[in-house]
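A.B. asks: Numbers given in our numbering equal positions in the sequence shown, counted from 1, plus 349.
Just dropping this structure here.
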Amino acid sequence: MIDDTLHGRYRVVDKLDFGGYSTVWLARDNLLERYVAVKVGISNAVLQKTNIL
Numbered sequence: 350m351i352d353d354t355l356h357g358r359y360r361v362v363d364k365l366d367f368g369g370y371s372t373v374w375l376a377r378d379n380l381l382e383r384y385v386a387v388k389v390g391i392s393n394a395v396l397q398k399t400n401i402l
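Have a look at this one:
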């Protein structure tokens, strides 16, 4: 994700931290010309268990 642009506005610079449900990225807001933290959550679909018969 580093160097990707999110929503045409936020350029991802570095990964700050991660946990079981999300990752926090350092990004540059191209509109306001400042650094921001962007939290990206993990989809619920990944967390659901599937029963196997």
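Every residue, glycine too, gets a C-beta built ideally from N, C-alpha and C.
#1: The beta strand (DSSP E) that contains Tyr359, what's its start and end?
#2: Out of Gly369, Leu375, Val385, Val387, which one is the CA nearest neighbour of Asn393?
#3: I'd like to confirm the pairing. Which residues does DSSP put opposite Ser371 in its beta bridges?
#4: Whole-angstrom Cβ separation of Ala386 and Arg360, contact assumed at under 8 Å?
#5: So, with DSSP's three-state summary, where would you put Asp353?
C.D. replies: Let me spell this out:
#1: The residue given as residue 359 occupies position 10 in the sequence shown. Note, Tyr359: beta strand (DSSP E), 359 to 367.
#2: What you label residue 393 is simply residue 44 of the sequence shown in a count that begins at 1. Among Gly369, Leu375, Val385, Val387, the Cα nearest to that of Asn393 is on Gly369.
#3: Here residue 371 is taken as the residue at index 22 of the sequence shown, counted from 1. DSSP output for Ser371 lists Gly390 as bridge partner(s).
#4: Counting from 1 along the sequence shown, the entry for residue 386 is found at position 37. Counting from 1 along the sequence shown, the entry for residue 360 is found at position 11. The Cβ separation is near 13 Å, so there is no contact.
#5: Mapped onto the sequence shown, residue 353 falls at position 4. When DSSP states are grouped into helix, strand and coil, Asp353 belongs to the coil group.
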